[in-house]
Amino acid sequence: MTVSTLPLNDGNQVPWIAFGTGTALFRKDAEDAIRLALDNGFTHLDGAQVYGNENTLGNGIVASGKSRSELFITTKLGQLQPGATPKSALQESLRQLKVDYVDLYLVHQANNHVGKLKEVWKGMEEAQKAGLTKSIGVSNFTADHLKTILEIATIPPAVNQVEAHPYVWQALQPNLAIHDQYKIVTSSYGGLSPIFRGKGGPLDPVIEQIRTRLEKTRGAPVSDGQVLNKWLQQKGVLVVTTSSKAERIREYLDTQNVPELTVEEIALIDTTGGKLHKRYFPGNWPSE
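Numbering-wise (the numbering used here), the sequence shown opens with residue 28 and increments by one.
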């Protein structure tokens, strides 16, 4: 299955859905999970220094036999050690990942670099100019964090990866306004939280209603997860997800073959999601 792509503001393209090695694989051996994801159609792998599994992510890539050119690899800058720079930290990640470059390098948490965000962003630009990464971006950045680095950026972030689903969409509006202005792609983690972590919320009947309609239109099964992922995809969001099951992995990738939600259905998810503000990863976001 060919995975469709999203355009980045630096001229590169990114597959719209990525297999994440955080949450469930945090500090665990990721080799088998990566092989499963690649064998079942994923091409975009999302890692991070803080996940503590870049080495086994790299092992999974090697074991899969996939060529580097077939893959899109993301990693994220953790807390800098004394004397380290974003460039030197990425060089260590590349050694762990067993590749010569990554496609996307993100500053994982603004809170790891208090008072040094501008300096860190300059270091990210240096890493890109050195050819160690094709694109650079950020993760868990608020609108204020973005404004801080945009004051000095010669290369704006290509991506901002945040918790994104209907229960936080309203709260993300200040972010999304800046994303739109600078053509920064919004990347979502925790996008399926309303159905996996938040059952019983106001979205439940709406998702079921839309799922039933899509299934009838398609003439084939559609899952709740596909409804939410389709909502994200139609908003131009890069989805980061994960699973240990081949069937679920294929289901996520099959989302692009699900019929599109109508304008009315998207609006219904937006307004219903706006009735509840709920973060499922509050530690990643400054207190509101």
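For glycine and all other residues, C-beta sits at the position ideal for the given N, C-alpha and C.
Keep in mind that this is a model prediction, so the values were computed, not measured.
- Here the alpha carbon of ALA64 sits roughly 31 Å from the alpha carbon of ASP207.
- DSSP places HIS71 outside any alpha helix (DSSP H); the residue lies instead in the beta strand (DSSP E), whose first and last residues are 71-73.
- Residue environment analysis places VAL290 among the exposed positions, since fewer than 16 neighbouring C-beta atoms fall within 10 angstroms of its C-beta.
- With respect to the 8 Å criterion, GLY150 and LYS114 are classified as neighbours on the basis of their beta carbons.
- With a threshold of 16 other beta carbon atoms within 10 Å, PRO42 meets it and is buried.
- Here the alpha carbon of ALA57 sits roughly 22 Å from the alpha carbon of SER220.
- Here ASP56 carries a coil assignment [DSSP, helix/strand/coil].
- When C-beta atoms of the segment 275-292 are compared with those of the segment 39-53, three or more pairs fall below 8 Å, so the two segments count as touching.
- Membership of ILE179 in any beta strand (DSSP E) is not indicated, and neither H nor E is assigned to it by DSSP.
- With at least 16 other beta carbons inside 10 angstroms of its own, GLY49 counts as buried.
- Inclusion of HIS304 and VAL212 in the CB contact set at 8 Å is not warranted, their separation being larger than that value.
- When DSSP states are grouped into helix, strand and coil, VAL285 belongs to the coil group.
- In the three-state reduction of the DSSP assignment, THR112 falls in the coil class.
- The three-state reading of DSSP puts VAL141 in coil, since its state is none of H, G, I, E or B.
- Taking 8 Å as the cut-off, the beta carbon of GLY218 is found no closer than this to the beta carbon of LEU177.
- GLU287 and GLY225 have their C-alpha atoms roughly 24 Å apart.
- Between GLY164 and LEU230, the alpha-carbon positions lie close to 31 Å from each other.
- In the three-state reduction of the DSSP assignment, LYS103 falls in the strand class, which pools E and B.
- For the pair ASN39 and THR29, the Cα-to-Cα distance works out to about 17 Å.
- Setting aside the 5 residues that flank it on each side, ASP251 is surrounded in the same chain by ILE222, ILE234, ARG238, each with a C-beta closer than 7 Å to its C-beta; the list follows chain order.
- Shown here for GLY85: same chain residues with a beta carbon closer than 8 Å to its own, the five before and five after excluded, namely GLN123, LEU124, LYS125, VAL126 in chain order.
- Cβ contact annotation for GLY79 (same chain, cutoff 6 Å, sequence separation greater than five): ARG54, in chain order.
- Using a Cβ distance threshold of 8 Å, GLN188 and GLY301 do not count as a contacting pair.
- For GLU291, the uninterrupted alpha helix (DSSP H) run begins and ends at 290-300, by DSSP.
- The DSSP-derived three-state label of SER214 is strand.
- Taking each of ASN67, ASP130, ALA294 in turn and checking the Cα distance to LEU98, the smallest one comes out for ASP130.
- Scanning its chain for C-beta atoms nearer than 8 Å, with the 5 sequence neighbours on each side dropped, one finds around THR32 the residues GLN40, VAL41, PRO42, TRP43, in chain order.
- Here the C-alpha atom of GLN108 lies approximately 40 Å from the C-alpha atom of GLU274.
- By the beta-carbon neighbour count (other beta carbons within 10 angstroms, threshold 16), GLU119 is exposed.
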